[in-house]
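Every number in my numbering is 5 more than the matching position in the sequence shown, counting from 1.
All C-beta atoms in this analysis are idealised placements derived from N, C-alpha and C, irrespective of residue type, glycine included.
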Amino acid sequence: MSETPGRRPPARRATLLAATEPARAAASAGALALAYPLLRGAPRGEPHGVLVLPGLLASDVSTGTLRRWLRGLGYPVVGWELGRNRGPTKEITDELPRLVERLAERQGGPVSIVGQSLGGIYARRLATRVPRLVRQVISLGSPFALAGRPADDSPGARTYDRYRHLHAVPRGRGDLRGGLPVPSTAVYSRWDGVVDWRACRQRPGPRAENVGVHASHLGMGLDPAVLWLVADRLAQTRDGWAPFSPPARLRFLYPREDGDTAG
Numbered sequence: 006m007s008e009t010p011g012r013r014p015p016a017r018r019a020t021l022l023a024a025t026e027p028a029r030a031a032a033s034a035g036a037l038a039l040a041y042p043l044l045r046g047a048p049r050g051e052p053h054g055v056l057v058l059p060g061l062l063a064s065d066v067s068t069g070t071l072r073r074w075l076r077g078l079g080y081p082v083v084g085w086e087l088g089r090n091r092g093p094t095k096e097i098t099d100e101l102p103r104l105v106e107r108l109a110e111r112q113g114g115p116v117s118i119v120g121q122s123l124g125g126i127y128a129r130r131l132a133t134r135v136p137r138l139v140r141q142v143i144s145l146g147s148p149f150a151l152a153g154r155p156a157d158d159s160p161g162a163r164t165y166d167r168y169r170h171l172h173a174v175p176r177g178r179g180d181l182r183g184g185l186p187v188p189s190t191a192v193y194s195r196w197d198g199v200v201d202w203r204a205c206r207q208r209p210g211p212r213a214e215n216v217g218v219h220a221s222h223l224g225m226g227l228d229p230a231v232l233w234l235v236a237d238r239l240a241q242t243r244d245g246w247a248p249f250s251p252p253a254r255l256r257f258l259y260p261r262e263d264g265d266t267a268g
């Protein structure tokens, strides 16, 4: 697609999306309860360690539903146990590679990392720092395409800037839009009211894909389409990764757009 990361949608629509984020996240939670019988048929793969990272100003509490879901599929799942995410502080940048190393050692192989929002940016950086320990990366509404570019005026970017004085890593370090040494799935939503959805997409490649969903930003970890997608991605074998293709009965959950791999 030709749209540039960082270019915001019309102001009125952006304001409406931001204002309705909590309500739409609650709707995802309700849809999850209704969809649970269907989700019981989600793919299951080889058990391996999975690390789940929260978004900006969130803690492990925010990823509780996602982690419980993945444990139910048979994966050894851990949260980051670093409290509230205030951005790339020295503690976080020092501890995350150690956390990945400990989990990989305990589980006997590379781990998959699922990161929501800012957590997905951490996940992509970890894949470049310790690729031998990372099996794949799945980012959920993560505006990594803004790395190395001027910040936009989205609510997420403004909140991030308020905590910049705590950060050990400059905003613009490195381009994270492509070229990861491990398979990667970037999940985005045109209905995201916190970050610009365009900034959540990567350059497609043999092991790099973008998948659109209908979820709100805050509801990514609760949305049935996202949960099925994460299960499907984790079920990929280490040597047989293939782009996401939803079953026919679920195609309506994934909007088909130019450059997407879903559908």
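Fill in: Status (buried if at least 16 other CB within 10 Å, exposed otherwise) for Arg-111
exposed
Worksheet entry | Through-space distance from Ala-150 to Leu-181, alpha-carbon basis | 6 angstroms
Fill in: Ala-24 classed as buried or exposed, judged by whether at least 16 other C-beta atoms fall within 10 angstroms
Under this definition Ala-24 is an exposed residue.
Fill in: Complete runs of the alpha helix (DSSP H) confined to the segment 35–111 [at least 4 residues]
69–77
Fill in: Assigned secondary structure, Thr-9 (DSSP; H/G/I helix, E/B strand, else coil)
For Thr-9, the predicted structure reports a pLDDT of 49, less than 50, and the residue's modelled location is therefore unreliable. The matter cannot be settled from this model.
Practice prompt. Return the bridge partner residues of Val-218 from the DSSP annotation.
Written response: Ser-194
Worksheet entry | Asn-90 beta carbon less than 8 angstroms from that of Ser-117 | It is not a contact, given that the beta carbons lie outside the stated cut-off.
Worksheet item: What separation, rounded to the nearest whole angstrom, lies between the Cα atoms of His-222 and Pro-148?
Response: 11 angstroms
Practice prompt. Report the rounded CA-to-CA distance for Pro-3 versus Gly-54, giving the unit in angstroms.
Written response: No information on residue 3 is available, as it lies outside the stretch 6 to 268 that the chain covers here.
Worksheet item: How should Glu-51 be labelled, buried or exposed, when 16 other C-beta atoms within 10 angstroms of its C-beta is the threshold for buried?
Response: In the assembly as shown, Glu-51 is an exposed residue. Its beta-carbon has fewer than 16 other beta-carbons within 10 Å.
Practice prompt. Grab me the residues of Ala-79's own chain with a C-beta within less than 7 angstroms of its C-beta, minus the 5 sequence neighbours each way, in chain order.
Written response: Residue identity differs from the one stated: residue 79 is Gly in this sequence, not Ala. Arg-49, Pro-52, listed in sequence order.
Worksheet item: Helix, strand or coil: how does DSSP classify Val-200 here?
Response: Note: Val-200 maps to coil in three-state DSSP.
Practice prompt. Assuming Gly-124 contacts Pro-59 (C-beta within less than 8 angstroms), just tell me the rounded distance between them.
Written response: A Cβ-Cβ separation of about 5 angstroms places Gly-124 in contact with Pro-59 under the 8 angstroms criterion.
Discussion item. What does the Cβ neighbour count give for Tyr-259, buried or exposed, with the cut at 16 atoms within 10 Å?
Written reply: buried
Worksheet item: Using the C-alpha atoms, what's the distance from Arg-256 back to Gly-120?
Response: 24 angstroms
Practice prompt. Spatial neighbours of Lys-95 within its chain, please: CB distance less than 6 angstroms, with the 5 preceding and 5 following residues excluded, ordered by chain position.
Written response: Once the five neighbours on either side are set aside, the close Cβ partners of Lys-95 are Ala-173.
Worksheet entry | Where Arg-140 falls: helix, strand or coil (DSSP) | strand
Practice prompt. Mind the definition here: the segment 92–109 touches the segment 191–199 only if three or more C-beta pairs lie below 8 angstroms; say whether that holds.
Written response: Verdict: no, contact absent.
Practice prompt. Assign Val-231 to one of three DSSP states: helix, strand, or coil.
Written response: helix
Item to complete: May I ask you to report which of helix, strand or coil DSSP gives Ser-33?
Response: helix
Worksheet entry | 8 angstroms CB neighbourhood of Trp-246 in its chain, flanking five on each side removed | Gln-141, Pro-188, Arg-212, listed in sequence order.
Worksheet entry | Distance CB(Pro-209)-CB(Ala-36) smaller than 8 angstroms | For Pro-209 and Ala-36, no; Cβs fall outside 8 angstroms.
Practice prompt. May I have the straight-line CA-CA distance separating Ser-250 from Pro-160, to the nearest angstrom?
Written response: 32 angstroms
Fill in: Segment limits, beta strand (DSSP E) that includes Gly-120
Unbroken beta strand (DSSP E) run through Gly-120: 116–121.
Item to complete: Within its chain, find whatever has a CB closer than 6 angstroms to the CB of Pro-186; leave out the 5 residues flanking it on each side and keep chain order.
Response: Excluding residues within five positions, the ones whose Cβ falls inside 6 angstroms are Pro-136.
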